[in-house]
Each structure stands twice: as C-alpha cells, then as structure tokens.
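This note's numbering applies: residue 387 is where the sequence shown begins, and numbers increase by one.
Think of the CB as a built atom: it goes at the ideal place given N, C-alpha and C, for glycine as much as any other residue.
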Amino acid sequence: METIDQFMWGHQLHFQFDLKSAAAEALSSIGVSVAPTALLIGFEEDPGGPPICVEPEGLGISPGIFADSASKGDAVYEAHENRGMFMSNRGLHERFHADLLDKCRADAIAETMNSHADHDSRRWFVGCSMRVGRYRVYPVVGVRRSKWDALPALTLRDRDHRDEMYLSLQEAVVWELLQSATFALSISDQPEGLRYNDRDEVIRRASTAFVRRLVQFKGNFMGVDLNSAMNLVAAQPYEGRTGVGTMLMGADNDYVLELTFENPISLNQTRGLRKALEMTDPQLHLVTNGKIALGLGRLADGYSSEFESAFFLRVIGRGSWELMHDDVALLVVTDGHASVPQDRLARATFDDAVGRLFGADGDAERLWDLALAASLQAHGTMLVVHTDAGAEAMRLSPPAMRVTPGPLTDSTLLAVSAIDGAIIVDPGGQCHAVGAILDGRAVRELGDASRGARFNSAHRYLAEAKGECLIIIVSEDGMLNIIPDLPRRVKKSYVEGVLAAVESLSHDKPIDFEAFRKREEHLWSLEFYLTSDQCARGNESRERVEQFRESSATLHDGLGGSARIGYDLLEPNPNLNKSFFLPESDL
C-alpha cells in the first residue's frame with residue numbers, strides 16, 4: 387500500500403468529489419445506474435512533488451501504471467493521420483496540434499486503465515487536460531462495466547467515425563461532463579469544482595450532440611439540429627389531436643422511395659413536417675437525410691444492420707419521441723428531457739410489491755392484467771390500488787366518478803381511462819371510481835422535475851395517502867412504473883456485518899484506503915436499511931479515515947494549503963420498517 391503523498395493542489399479532493407457527484411446525478415437523471423466514480427490524474431511538469439499523482443488513492447490505482455502513458459500518447463500522435471495537417475494561421479495550427487497531442491495522451495491513459503487486469507470491473511473515460519499548479523491534470527470518469535455494457539448503444543463497427551461519434555446517450559453525457567471538468571480546471575489557479583454545472587443543461591447538450599453527430603456521419607453533414615426539430619414536431623398537435631409517425635434517416639442506398647416530394651420539406655418547418663408524418667404507417671416512413679424530408683419510403687431489402695447507417699425517429703405521443711436502430715431504442719425524449727429507454731416493469735417486481743403492501747388481500751394476477759390493459763391507452767393513465775378504495779373514491783368525488791364496485795374488462799378499462807384522472811381499485815382489482823384527481827401537497831424532495839404532471843401528482847398523493855397504496859403509472863409510450871419503488875428485502879445481520887467491516891477498517895493504522903472505500907461504497911448501497919445508531923457509527927468511521935488522511939498528507943501544489951473536502955453523511959430513512967427485512971432463518 388502506497389503512502390499518502392499525492393496532493394497536487396489544495397482543492398483537488400473537492401473537485402474530484404464534485405465531478406463524481408455530477409456524474410452520478412446526470413446519469414441517474416437519464417435512467418442509468420452504473421455506480422460512477424471519478425479520478426484526477428496529474429503529471430508533474432515542474433519539479434517539487436511526485437511525478438504522477440492519482441486522486442483519490444482509495445480506488446487502488448497505482449500512479450506507476452501511467453509511467454509510459456505520455457510516451458505512448460506521443461507515439462500515437464506521431465502516427466496519427468492528422469499529424470501532417472498544416473494550417474496557415476500559426477496560432478490555430480499550434481492549438482490544433484496541441485489539442486491532438488493531448489487527446490492522444492488521454493487515449494493512452496484510458497487504454498492503460500481499460501486493459502489493466504486489476505481494473506476490468508470498470509470502463510474508464512479520460513478527458514482533456516489542463517495545467518493546475520505543477521501538474522497537468524486529466525479528469526476521469528469510471529462506470530461499472532457490466533451495467534454499462536448492458537445498456538443500449540451502437541457498436542464499434544464504423545471505425546472511420548469512431549472518434550467523432552457518440553455510441554449512446556450515456557456516453558455523450560459522460561463526455562459532456564468531462565468537457566465541463568476540463569473547462570473548470572482552466573478557469574482558476576485553485577479550481578474548486580465544476581462551476582455552472584447544470585444537470586439538465588448537460589443532458590440537453592449531450593442529447594443534441596449525440597443526434598447531431600449521427601446526422602453528420604450517417605445523413606447530411608449540413609443537417610439541421612434534429613434533436614430540436616423532433617422536440618418541436620412531437621409537441622405540435624395535428625388538427626387538435628396528438629399525432630404519431632416515423633421518420634427514416636439513412637444513406638441513399640439504405641432506403642427505397644415510394645413517393646418523392648417535388649419540394650422537399652425542411653426539418654425546420656414544424657407544421658409541414660407534422661402534416662407529412664401523418665401519412666406514415668408501420669411500413670411507410672418519412673425519409674430524411676437529417677436536413678430535409680425527401681418523401682415516403684421504406685428500408686431497402688438489402689440493408690444490413692451491422693453498418694448502423696439507417697435510423698428510425700418515432701413520434702410516440704404528445705411531446706415524446708424516440709431514436710431507434712435495428713428495433714433497439716437508443717434514446718427517448720419526453721417534454722424535452724432525454725433518457726435511456728427502460729425495460730418494461732418486471733412481473734416479479736410487481737408481484738413482490740403487491741405481496742408486501744397488501745398481503746393475502748392482493749390479487750397480483752388480476753392487478754397485472756389491469757396494468758397490461760392500461761398500457762394500451764395511447765395517452766397514458768394511472769391506476770391507484772388502495773386498501774380502502776371505497777373511502778378514497780368517496781373522498782375524491784367529485785370530480786371522481788364513483789361506480790358500483792366490480793371488475794373491469796380490458797375494453798371497459800380502455801374506455802374509462804380515456805378521460806383525465808386516475809382509476810381507483812381495491813387490492814382485489816375491483817373498480818370503485820374513475821376520473822379521480824389526486825391531491826397532495828407539493829414537496830421539493832418528492833417527484834422529479836424532468837417528469838410529467840401525472841408522475842409528480844402520484845408522488846404527492848402517495849406521500850399523504852392513508853393506508854397501504856400502490857400506484858401504477860402508464861406513460862404515453864406504454865411503459866409501466868409503480869410507486870412506491872420498494873427496496874429489496876435483506877437480513878439485518880447482513881447490514882450489520884457490512885457496517886462492522888467498515889468500522890474495523892477505520893481503526894487500522896495505517897488505513898487501507900482502497901479496502902475502506904470498497905466497504906464504505908457497499909454500506910452506502912444499504913443506507914436505506916440503517917438505523918439512526920448505525921448511521922452514526924458509519925459516519926464516525928468516515929471521520930476517523932478523513933482525520934488520518936489529513937494527518938498523513940504532504941502538499942506538493944506549490945500554491946498553498948490543503949482544503950478539506952466535505953462528504954455526505956449517512957442518514958436514517960423514516961420509511962424503514964420491519965417489512966424491508968428478511969427473517970434470519972431464510973436462505
């Protein structure tokens with residue numbers, strides 16, 4: 387284990403923590419859970435400290451593995467196809483080649499990390515560097531490889547444009563964050579964090595860049611901002627109703643035109659584009675090159691998906707559209723917010739929630755059938771399953787329309803869900819009211835500003851619901867969500883065992899930072915299950931580690947003292963109860 391001797395500048399811990407938090411927040415906002423972490427890797431340019439520094443040390447990444455990164459990057463630069471590019475403007479020429487050399491070195495660092503046997507559990511992305519104090523510092527984001535590889539993405543087959551394209555929305559988000567980090571490193575002698583880091587703005591830039599690069603290298607290089615064009619056309623009603631339709635974007639040999647427009651429609655002409663989309667159906671699409679709509683056509687019979695050159699853009703509801711390739715959705719946008727498409731709610735998850743909330747009174751089979759039937763409703767709906775559905779129906783009427791309790795057929799459910807409001811049913815699947823408007827106070831911590839009114843009103847209602855309640859939310863694209871999203875059940879002894887390991891490691895001298903970090907990350911994943919006393923013990927362990935880190939640190943920034951990083955504290959969850967724990971006798 388290496389000693390603590392790795393300070394590059396006083397605020398490096400805060401900056402690393404800020405980058406990690408920003409990555410977690412942005413990726414979570416697009417529906418991606420990959421346990422992101424962040425690093426700062428510094429290479430000494432003025433003597434006075436260690437030649438290579440890595441922050442944080444607790445990840446177990448030895449600075450020594452990067453000893454050859456600069457020379458490897460230099461070799462790649464010398465062999466690069468753009469090495470001989472010359473620009474008449476001297477300043478522009480020097481800046482271009484400095485950026486190219488830096489990019490080659492960053493790629494060499496990433497290659498070292500991604501090929502190292504000890505770090506194969508993560509996929510690493512390395513941004514461009516900036517000089518801070520004595521060091522040239524590269525920001526790095528790492529994600530859990532197994533979860534990352536399971537997400538929808540393009541492949542590496544198009545190597546001609548691999549450096550220019552993003553393979554997925556999630557990759558675009560990571561690179562946007564790294565660009566923000568590089569910029570933040572450049573604007574201060576002692577950069578403290580990612581200034582002006584707005585999560586929604588990062589995601590907007592990422593989705594725009596992802597789609598724009600697809601247009602540039604798969605359609606027309608002079609194409610429009612297709613991301614904005616699709617947002618506008620999806621929000622545009624046709625003759626007062628929500629419209630749907632599909633565009634096909636590809637190279638000339640990827641499609642066959644059945645009907646060619648004499649005057650192609652610019653994708654910036656929202657009303658004309660909305661009208662043209664009404665002519666499409668599952669077999670006939672509006673063909674575009676990313677700049678104009680050429681006519682109606684279909685995918686060519688000889689198209690091979692391995693080339694990844696033809697894409698479908700489908701308007702799926704008011705304000706909603708998705709980008710697809712080979713029947714796989716890569717991106718879905720709802721009311722301007724981009725996210726990674728999610729798998730439909732698993733039946734096992736649904737059955738578990740019904741059993742835990744309603745016990746023997748819950749008819750999971752009947753409720754699941756109702757949820758599937760509701761998913762066919764074009765504009766979405768909500769089912770509220772309540773233990774005292776009769777009383778809730780009375781309390782919420784009017785405007786709720788109370789009905790004689792009874793089962794709903796699929797056709798009846800579609801009919802009653804065509805109006806605004808939720809459907810109130812009991813745990814046995816008997817309907818008690820339709821058109822219910824859910825009440826509840828607006829609370830900052832509840833809901834999600836990026837989601838619609840239906841999602842957020844459900845959260846407000848649930849927060850004040852009397853009695854056990856399960857809300858099934860059907861979005862316009864047919865996806866199912868349930869709230870509450872119940873955490874899995876665990877044994878109390880399992881939680882206590884993880885906490886005890888954290889405590890034990892915090893008392894060691896010297897402290898093994900790598901081992902402590904791994905155990906503490908595990909403990910944080912179990913935060914929901916911690917009592918007040920257990921939270922206090924975990925926080926005391928972290929404080930011991932921070933005190934040891936500070937007492938062991940030697941500064942090499944050449945700029946001044948060390949700033950202590952703040953860290954989150956474990957907090958007990960008020961919703962924790964015995965239903966979230968398994969009996970100790972269970973296997």
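Residue i burial status per 10 Å Cβ neighbour count (16 or more: buried)
| i | result |
| --- | --- |
| Thr646 | exposed |
| Thr767 | buried |
| Gln933 | exposed |
| Asp871 | exposed |
| Gly833 | No answer about Gly833 holds up, because its pLDDT of 45 lies below 50 and its placement is not dependable. |
| Phe607 | exposed |
| Met633 | buried |
| Leu782 | buried |
| Asp943 | The pLDDT assigned to Asp943 is 49, lower than 50, so where the model puts this residue is not dependable; a value taken from the coordinates is nonetheless given after this. Burial call: buried. |
| Pro623 | exposed |
| Met471 | exposed |
| Lys895 | exposed |
| Arg469 | exposed |
| Val630 | buried |
| Met635 | buried |
| Glu562 | buried |
| Met473 | exposed |
| His893 | exposed |
| Met551 | buried |
| Thr795 | exposed |
Sequence-distant residues of its chain with Cβ nearer than 6 angstroms to residue i (five each side left out)
| i | result |
| --- | --- |
| Pro791 | Gln816, His818 |
| Arg830 | Caution applies to Arg830, whose pLDDT of 41 falls short of 50 and renders its modelled position unreliable; the value that the coordinates give is listed next. Correct list: empty, nothing qualifies. |
| Val770 | Ala808, Ile810, Ile857 |
| Leu425 | Val526 |
| Gly423 | Inspection of the sequence shows that residue 423 is occupied by Thr rather than by Gly. Result list for Thr423: Lys406, Gly528, in chain order. |
Enclosing beta strand (DSSP E) for residue i [first to last residue]
| i | result |
| --- | --- |
| Gly821 | 817-822 |
| Cys330 | Residue 330 lies beyond the stretch modelled for the chain, which goes from 387 to 973, so this question has no answer here. |
| Tyr521 | 521-530 |
| Cys439 | 438-441 |
| Thr735 | Where Thr735 is concerned, there is no enclosing beta strand (DSSP E), although the alpha helix (DSSP H) it sits in stretches over 733-744. |
| Phe607 | No beta strand (DSSP E) holds Phe607; DSSP gives it neither H nor E. |
| Phe914 | From DSSP, Phe914 is part of no beta strand (DSSP E); its letter is neither H nor E. |
| Met710 | 706-711 |
Assumed close pair residue i, residue j - CB separation to whole angstroms, cut-off 8 angstroms
| i | j | result |
| --- | --- | --- |
| Arg531 | Arg508 | 6 angstroms |
| Leu909 | Leu885 | 6 angstroms |
| Val601 | Gly609 | 4 angstroms |
| Ala496 | Leu555 | Wrong, their Cβ atoms sit about 20 angstroms apart, outside the cutoff. |
| Leu405 | Leu580 | 6 angstroms |
| Leu653 | Ala662 | That belief does not hold up - the Cβ atoms of Leu653 and Ala662 are roughly 10 angstroms apart, past 8 angstroms. |
| Leu756 | Leu866 | Going by Cβ atoms, the distance from Leu756 to Leu866 rounds to 11 angstroms, so no, they are not a contact pair. |
Closest Cα partner of residue i within the set the options
| i | options | result |
| --- | --- | --- |
| Asp765 | Gln622, Leu794, Leu800 | In the sequence as presented, Asp is not what sits at residue 765; that position holds His. Among Gln622, Leu794, Leu800, the Cα nearest to that of His765 belongs to Leu800. |
| Asp485 | Asp460, Thr498, Ala496 | Asp460 |
| Ala456 | Pro958, Glu431, Met865 | Glu431 |
| Ile427 | Val420, Ser415, Glu441 | Glu441 |
| Thr594 | Val718, Ala696, Arg476 | Val718 |
| His483 | Thr720, Met787, Arg684, Glu467 | Glu467 |
| Pro669 | Arg700, Glu692, Leu425, Ala739 | Reading off the sequence shown, one finds Gln at residue 669, where the question assumed Pro. Closest by alpha carbon: Arg700. |
| Glu464 | Gly477, Asp488, Gly450, Pro449 | Asp488 |
| Pro538 | Ile859, Val418, Ser911 | Val418 |
| Met787 | Ala777, Asp749, Glu557 | Ala777 |
| Phe603 | Arg660, Lys677, Leu663 | Lys677 |
| Leu682 | Ala409, Tyr641, Glu882 | Tyr641 |
| Arg517 | Ala757, Thr568, Gly821, Asn475 | Thr568 |
| Gln655 | Tyr689, Asp611, Asp667 | Asp611 |
7 angstroms Cβ shell around residue i - same chain, five flanking residues per side excluded
| i | result |
| --- | --- |
| Leu955 | Asn925 |
| Asp535 | none |
| Ala775 | Ile810, Val811, Asp812, His818 |
| Thr541 | Glu694 |
| Leu743 | Glu854, Leu856 |
| Ala835 | With a pLDDT of only 46 at Ala835, under 50, the local geometry of the prediction cannot be trusted, and no value is derived from it. |
| Lys877 | Phe967, Leu968, Glu970 |
Neighbourhood of residue i by C-beta distance below 8 angstroms, restricted to the same chain and skipping five residues each side
| i | result |
| --- | --- |
| Leu945 | The predicted model places Leu945 with a pLDDT of 47, which falls under 50 and marks its position as unreliable; any figure quoted below should be read in that light. Answer for Leu945: Trp395, Gly396, Gly519, Asp575, Gln576, listed in chain order. |
| Asn649 | none |
| Asp493 | Gly459, Val462, Val512 |
Alpha helix (DSSP H) segment containing residue i, residue limits
| i | result |
| --- | --- |
| Val881 | 878-893 |
| Leu537 | That residue, Leu537, is in no alpha helix (DSSP H); it is neither H nor E in DSSP. |
| Trp395 | Where Trp395 is concerned, there is no enclosing alpha helix (DSSP H), given that its DSSP letter is neither H nor E. |
| Phe902 | 899-911 |
| Thr656 | 656-663 |
| Asn649 | Here Asn649 belongs to no alpha helix (DSSP H); instead the beta strand (DSSP E) covers 641-652. |
| Cys921 | 918-938 |
| Ala724 | Ala724 -> not in any alpha helix (DSSP H); beta strand (DSSP E) instead, spanning 723-725. |
| Leu564 | 555-572 |
Any chain C beta carbon closer than 7 angstroms to residue i
| i | result |
| --- | --- |
| Ala637 | As a matter of chain content, chain C is missing from the structure shown, which is built from one protein chain. |
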